[in-house]
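K.L.:
Sharing a structure, written as structure tokens. Questions coming.
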Amino acid sequence: MTQVLIFWNRMALISLLGMSSLVAGDWQAWRGPNGNGIAGSDAKPPSEWGEEKNVKWKVIIPGRGHASPAVCGDLIVVATATDDAQFVIAYDRESGNIRWKQRVHNGGLPDNLHKKNTAASSTIASDGKHFFALFHNNGKLVLTALDRSGNQVWRGDTGHFECDYKYGYAASPTLYKDFVIVASDSKKGYLAAFQKSDGSEVWRTPREVPTSYSSPIVGHVAGKDQLLISGTEKVSSYDPMTGKLQWEAEGTCPVTCGTVVWSDNLIFASGGFPIKKTIAMRADGSGEIVWENGDKSYEQSLLYHDGHLYTFNDNGIAICWNAETGEEKWKVRLGGPVSASPILANGLIHAINERGITHVFRPNPAAFEKVGEFQVGDEGFATPVFVGNQIFIRTAEQGVDRQEYLYCISEK
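First residue of the sequence shown: 1141, per our numbering; consecutive thereafter.
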């Protein structure tokens, strides 16, 4: 009997470890497993790739979108939009075949989108059981939950969104415990949380401000979980369980797009309209700006790693700063323009520009150390995703008829 119990205990442990590995190997929301642009420890992407090298599969994405892929088990899920509809499509992770395609909205797409925006720019979030898709439709933000077979579980109108600049919507939803959290920074704006199970509203906090585009994110900083967002010349911290404002401090630009990042005690944010600014701020609510400079990372999010802050900014310049002091360690022009955000995977920074070129370099504060540059397609607006030994890149090929593709990059 003792040997049987030992056997079953071992099997249970192996099963739990396997489940943990599966969860750790997913990329279930914008900015990756920890919301900070750092891939999981399982990420071991190929060291090089190209149209004819280490492409496991390449499949068409109908329509247009800048949402990054979400990886959940054996599914790769993307949001996209045609001229008259908004869709969620699930691809088989092994083969690239379409597993299902759900038309979420017929008509109602926003007018006057900026040429760098789309009607499907919000990355889908998943809790492993459901996919939460956020679309700007008929002047509102609509959140839809789909199951793993693509069936609609619930749909909810989260509230009004109207862009002052007619650029459209850009923020992605974030997950925290049992909640899906949505941001609408606009004249009738708000932060709101909804139950993942049924879409019922948990809390709502007004953010009636000029339009901004940054995604909310929950980080554990200064000893507690904080729901963080920048824009409207402030960095704001909310209690993610209640939506209550914990603190707010003057800091960034009127309009930001990037998602804030953090260290143990500092928050980093940047913006570029109508002024250029990057800041490091105390996360304790004191409002103390530790350092600031005149560089802008407007569309991209910053990347914090091992005491240093990295960016690949709008103009295609890679920069490294000392995160505590703001001292510039190096600055190198790699080529832009840039909309996507840099990702740290397997000890290397991967940064893609709008031409589809991914620059790979080491996070070495002593000197810029380039590893290589690789390209698939002609565009790179969506941030690539790194899971296990695979990279998922959303790109497009230009020509008479522009066509989007999803690549699975994996060493053969």
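Cβ coordinates follow ideal geometry from the N, Cα and C atoms, glycine included.
Is it right to say Gly1566 is buried, meaning 16 or more other beta carbons lie within 10 angstroms of its own, or is it exposed?
P.N.:
Residue coverage of the chain in this structure runs from 1141 to 1552, which leaves residue 1566 outside it and unanswerable.
K.L.:
Can you grab the Cα-Cα spacing for the pair Phe1413 / Ser1355, in whole Å?
P.N.:
Phe1413 and Ser1355 have their C-alpha atoms some 16 angstroms from each other.
K.L.:
Measuring straight from C-alpha to C-alpha, what distance separates Trp1343 and Asp1365?
P.N.:
17 angstroms
K.L.:
Could you check the C-alpha separation between Ile1201 and Tyr1545 for me, to the nearest Å?
P.N.:
5 angstroms
K.L.:
Between Leu1286 and Phe1271, is the Cβ-Cβ spacing less than 7 angstroms?
P.N.:
yes
K.L.:
Taking 8 angstroms as the limit between beta carbons, can you name the residues of its chain near Ser1289, skipping five residues before and five after?
P.N.:
Once the five neighbours on either side are set aside, the close Cβ partners of Ser1289 are Trp1240.
K.L.:
Specify the secondary structure class of Lys1196 as computed by DSSP and reduced to three states.
P.N.:
strand
K.L.:
Tell me whether the beta-carbon of Ile1483 lies closer than 7 angstroms to the beta-carbon of Trp1189.
P.N.:
no
K.L.:
Alpha carbon to alpha carbon, how far is Gln1335 from Thr1284?
P.N.:
12 angstroms
K.L.:
So, with DSSP's three-state summary, where would you put Ser1235?
P.N.:
coil
K.L.:
The beta strand (DSSP E) that contains Gln1292, what's its start and end?
P.N.:
1292 to 1300
K.L.:
Could you name the residues of the same chain whose beta carbon sits closer than 8 angstroms to that of Lys1374, not counting the 5 residues immediately before and after it, in chain order?
P.N.:
Glu1388, Ala1389, Glu1390, Gly1391, Thr1392
K.L.:
Please look up how many angstroms separate the CB atoms of Ala1259 and Pro1250, rounded, as I've assumed it's under 8 angstroms.
P.N.:
At roughly 6 angstroms, the Cβ-Cβ gap stays under 8 angstroms, so Ala1259 and Pro1250 are in contact.
K.L.:
Alpha carbon to alpha carbon, how far is Ala1332 from Gly1398?
P.N.:
19 angstroms
K.L.:
Taking 6 angstroms as the limit between beta carbons, can you name the residues of its chain near Asn1257, skipping five residues before and five after?
P.N.:
Tyr1307, Gly1308
K.L.:
Our contact map puts Ala1362 next to Ala1420 with C-beta atoms below 8 angstroms; I'd like the distance itself, whole angstroms only.
P.N.:
About 13 angstroms; that fails the 8 angstroms criterion.
K.L.:
State the beta-bridge partners of Tyr1307 as determined by DSSP.
P.N.:
None; Tyr1307 has no bridge partner.
K.L.:
When DSSP builds the beta bridges, which residues end up paired with Leu1368?
P.N.:
Ile1357, Ser1377
K.L.:
What residue range does the beta strand (DSSP E) around Asp1424 cover?
P.N.:
Premise fails: Asp1424 is in no beta strand (DSSP E) and is neither H nor E.
K.L.:
Assuming Leu1449 and Trp1461 form a contact by the criterion Cβ under 8 angstroms, report the distance between their Cβ atoms to the nearest whole angstrom.
P.N.:
5 angstroms
K.L.:
Could you work out which residue in Gly1447, Trp1170, Gln1440, Ala1323 is closest to Asn1405 when comparing CA atoms only?
P.N.:
Gly1447
K.L.:
Looking at the unbroken beta strand (DSSP E) that takes in Ala1169, where does it start and where does it end?
P.N.:
Segment: none, Ala1169 is in no beta strand (DSSP E) and carries neither H nor E.
K.L.:
Please report the distance separating the alpha-carbon of Tyr1330 from that of Pro1503.
P.N.:
Rounded to whole angstroms, Tyr1330 to Pro1503 spans 37 angstroms at the Cα level.
K.L.:
Ordered along the chain, which non-local residues of its own chain (more than five positions away) have a Cβ less than 7 angstroms from that of Pro1350?
P.N.:
Asp1304, Thr1372, Pro1394
K.L.:
Classify Lys1417 as buried or exposed, calling it buried when 16 or more other Cβ atoms lie within 10 Å of its own Cβ.
P.N.:
buried
K.L.:
Tell me which residues share the same chain as Val1430 and place their Cβ nearer than 6 angstroms to its Cβ, disregarding the 5 neighbours each side in the sequence.
P.N.:
Ala1420
K.L.:
So, using beta-carbon positions, are Asn1493 and Gly1512 closer together than 7 angstroms?
P.N.:
no
K.L.:
To test your reading of the DSSP string, which unbroken beta strand (DSSP E) runs of 3 or more residues are found completely within the region 1379 to 1467?
P.N.:
With a minimum length of 3 residues, the unbroken runs of beta strand (DSSP E) contained wholly in the region 1379 to 1467 fall at 1385 to 1390, 1406 to 1411, 1417 to 1422, 1429 to 1433, 1443 to 1445, 1448 to 1452, 1457 to 1462.
K.L.:
I'd like the ranges of any alpha helix (DSSP H) spanning at least 4 consecutive residues and lying wholly in the region 1489 to 1518.
P.N.:
none
K.L.:
Taking Gln1543 as part of the beta strand (DSSP E), name the residues at either end of that continuous run.
P.N.:
1543 to 1550
K.L.:
Taking the straight line between their C-alpha atoms, what separation do you get for Trp1294 and Pro1505?
P.N.:
C-alpha separation (whole angstroms): 47 angstroms.
K.L.:
Helix, strand or coil for Pro1346, going by three-state DSSP, please let me know.
P.N.:
strand
K.L.:
Can the beta-carbon of Leu1315 be found closer than 7 angstroms to that of Ala1183?
P.N.:
no
K.L.:
Would you call Pro1346 buried or exposed, if buried means 16 or more other Cβ atoms sit within 10 Å of its Cβ?
P.N.:
exposed
K.L.:
For Leu1286, which residues does DSSP report across the bridge?
P.N.:
Phe1271, Gln1292
K.L.:
Please confirm whether Ser1266 and Ala1210 have their CB atoms less than 7 angstroms apart.
P.N.:
yes
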